[in-house]
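Protein chains: 2
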Amino acid sequence: MTRNPPYDRDTALEAAETLFRHKGYHATSLKDLEVALNMRPGSIYAAFKSKENLFLLALDRYARKEQASLACQLEEGQEALQIVQAHIRAIAAEWAAEEFGGCFLVNTLLEVTPEQDTIRDRAQTLAREVQSAFRDTFQHAIDAGELPADTDPAALAQWYQMQVFGLRVLCSMTLNCADIIDAAESVAQSIENKRAA
Amino acid sequence: MTRNPPYDRDTALEAAETLFRHKGYHATSLKDLEVALNMRPGSIYAAFKSKENLFLLALDRYARKEQASLACQLEEGQEALQIVQAHIRAIAAEWAAEEFGGCFLVNTLLEVTPEQDTIRDRAQTLAREVQSAFRDTFQHAIDAGELPADTDPAALAQWYQMQVFGLRVLCSMTLNCADIIDAAESVAQSIENKRAA
DNA sequence: CTCACATTTGAGTGATCGCTCAATTTGATG
DNA sequence: CATCAAATTGAGCGATCACTCAAATGTGAG
Numbered sequence: 001m002t003r004n005p006p007y008d009r010d011t012a013l014e015a016a017e018t019l020f021r022h023k024g025y026h027a028t029s030l031k032d033l034e035v036a037l038n039m040r041p042g043s044i045y046a047a048f049k050s051k052e053n054l055f056l057l058a059l060d061r062y063a064r065k066e067q068a069s070l071a072c073q074l075e076e077g078q079e080a081l082q083i084v085q086a087h088i089r090a091i092a093a094e095w096a097a098e099e100f101g102g103c104f105l106v107n108t109l110l111e112v113t114p115e116q117d118t119i120r121d122r123a124q125t126l127a128r129e130v131q132s133a134f135r136d137t138f139q140h141a142i143d144a145g146e147l148p149a150d151t152d153p154a155a156l157a158q159w160y161q162m163q164v165f166g167l168r169v170l171c172s173m174t175l176n177c178a179d180i181i182d183a184a185e186s187v188a189q190s191i192e193n194k195r196a197a
Numbered sequence: 198m199t200r201n202p203p204y205d206r207d208t209a210l211e212a213a214e215t216l217f218r219h220k221g222y223h224a225t226s227l228k229d230l231e232v233a234l235n236m237r238p239g240s241i242y243a244a245f246k247s248k249e250n251l252f253l254l255a256l257d258r259y260a261r262k263e264q265a266s267l268a269c270q271l272e273e274g275q276e277a278l279q280i281v282q283a284h285i286r287a288i289a290a291e292w293a294a295e296e297f298g299g300c301f302l303v304n305t306l307l308e309v310t311p312e313q314d315t316i317r318d319r320a321q322t323l324a325r326e327v328q329s330a331f332r333d334t335f336q337h338a339i340d341a342g343e344l345p346a347d348t349d350p351a352a353l354a355q356w357y358q359m360q361v362f363g364l365r366v367l368c369s370m371t372l373n374c375a376d377i378i379d380a381a382e383s384v385a386q387s388i389e390n391k392r393a394a
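Chains as they are written, first to last, in my numbering: chain A, 1 to 197; chain B, 198 to 394.
Here it is, written out as structure tokens:
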């Protein structure tokens with residue numbers, strides 16, 4: 001009954017995610033969103049309540065995708081350590097291909113001011129969840145005997161997330177291509193060195 | 198002759214630096230600056246030309262301080278590797294003391310949009326200069342025999358800067374205090390492990 | 001076809017943005 | 001003390017911000 005929305009909600013969210021990821025929260029105006037979502041202000045507010053809420057939904061979407069990607073590859077039976085190594089190499093490759101918008105979570109963590117409690121808290125929570133996904137992956141590696149049994153998966157996950165963070169900021173410096181790939185490769189090598197003998 | 202400014206230029210710049218470092222470029226309004234600098238809009242524009250130019254000056258001031266700190270400690274004759282280890286520990290300590298505003302350069306690199314060429318380019322240049330300062334410090338360590346003679350100081354500097362970047366983003370996640378200190382300590386330990394035998 | 005209602009529309013809200021400039025204040029000089 | 005140039009002042013500029021709502025529009029049911 002009655003009229004149906006002409007747009008697909010998830011398609012709109014994807015457009016918002018891309019826009020916010022590239023421009024950040026403050027620099028993205030409703031005018032930008034109107035163009036990207038192909039929606040008029042009234043529709044945007046009817047569908048997503050506010051700019052802030054739309055941002056939160058886009059952030060969730062991004063983080064869920066990151067986690068799902070890891071979980072999915074595990075279920076496909078890929079070797080856990082190789083998944084992680086491919087993950088860090090993919091970041092460098094994405095940057096080299098100039099499709100780089102950075103990590104939405106990292107961008108948000110560093111952009112948000114102390115006043116914006118809601119966004120800040122959400123970004124922190126999601127970042128911790130991503131770290132947990134890394135931990136689960138390393139746990140998988142331990143169970144499969146890829147890593148020594150006495151490895152601390154949580155500590156390793158935090159170390160790895162820090163490497164990812166570092167690489168992502170390094171990408172923002174736009175050094176030459178080889179340097180970024182070397183940096184990613186060096187992290188992959190560090191992971192290789194942790195393998196059970 | 199004639200009237201003198203009632204404010205000290207560098208004091209004003211320091212206030213601007215602190216404000217921009219904590220709130221970022223977009224979220225800082227002229228009203229905020231008026232309060233922090235205790236200057237009226239006309240004076241701000243007479244002295245600093247524009248919000249963007251004031252931001253660039255503040256960014257320069259921050260980066261120059263970082264570089265000077267390293268160079269100064271070297272001149273005092275401190276051991277190069279200990280300077281670097283103290284540097285990474287200081288980041289964790291600053292965060293633990295809740296005086297954390299993050300690194301102005303990192304914040305800027307990740308906040309700035311592709312359109313803001315001027316700010317982006319400056320931040321990238323300054324970040325590269327800081328990396329050079331790290332490289333000089335490591336070169337010092339090589340010359341002093343603290344590191345093996347075949348160490349590549351530029352590669353080591355980039356690795357170290359990536360660790361600093363990673364730690365700074367980790368700080369923005371507000372994990373518990375011990376985790377941050379552990380992460381910093383682990384970087385310090387990695388440096389220790391590179392010492393010449 | 002008509003009605004009921006979910007949905008879109010877009011001009012317009014008040015607030016705030018970065019910024020300007022005519023008027024005023026200040027202080028060193030003669 | 002009078003002069004004058006440098007500097008501050010703050011009301012207010014046009015533009016843009018996030019957002020609203022009365023009116024127009026599309027759609028499924030009867």
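Beta carbons: idealized from backbone N, C-alpha and C, even for Gly.
Note that the structure is predicted; figures quoted are calculated from it, not measured.
Which chain B residues are close to residue i, counting only those with a beta carbon under 7 Å from its beta carbon?
i: F165(A); result: F362, G363, V366 and L367
i: Q124(A); result: M370 and T371
i: M39(A); result: Correct list: empty, because the minimum Cβ distance to chain B is about 22 Å.
i: D179(A); result: Q355
Just curious, the alpha helix (DSSP H) that residue i is in, first and last residue?
i: N373(B); result: Looking at the DSSP string, N373(B) is not in any alpha helix (DSSP H), and its letter there is neither H nor E.
i: D32(A); result: L30 to L37
i: D349(B); result: From DSSP, D349(B) is part of no alpha helix (DSSP H); its letter is neither H nor E.
i: E211(B); result: R206 to A224
i: Q336(B); result: D314 to D340
i: K51(A); result: K51 to E75
i: R286(B); result: A277 to A293
i: A243(B); result: P238 to F245
i: L109(A); result: F104 to E111
So which residues on chain A does residue i lean against when the C-beta distance must stay under 9 Å?
i: R186(B); result: The structure shown does not extend to residue 186(B), since chain B is modelled only from 198 to 394, so the question has no answer here.
Assuming the contact rule is C-beta atoms closer than 8 Å, residue i and residue j should be a hit. Round their C-beta distance to whole Å, please.
i: Q264(B); j: T174(A); result: No, Q264(B) and T174(A) are not in contact; Cβ-Cβ is about 20 Å, not under 8 Å.
i: L110(A); j: F362(B); result: The Cβ separation is near 10 Å, so there is no contact.
i: L323(B); j: L254(B); result: 12 Å between Cβ atoms; not a contact.
i: I88(A); j: A184(A); result: 5 Å
i: K406(B); j: T113(A); result: Because chain B spans 198 through 394 in this model, residue 406(B) falls outside it and cannot be assessed.
What in chain A is Cβ-close to residue i, meaning under 8 Å?
i: W356(B); result: A183 and S186
Quick one: which chain B residues come within Cβ less than 9 Å of residue i?
i: H26(A); result: G221, Y222, H223, A224 and E308
Could you list the residues in the region 86 to 112 of chain A with a C-beta less than 8 Å from some C-beta on chain B, going in chain order?
G102, V106, N107, L109, L110 and E111
Is the region 4 to 17 of chain A in contact with the region 298 to 318 of chain B, if contact means three or more CB pairs nearer than 8 Å?
no
Quick check: the region 269 to 279 of chain B against the region 323 to 343 of chain B, are there 3 or more CB pairs under 8 Å?
yes
Stretch-stretch touch, CB-based, cutoff 8 Å, three pairs: the region 29 to 38 of chain A with the region 91 to 101 of chain A
no
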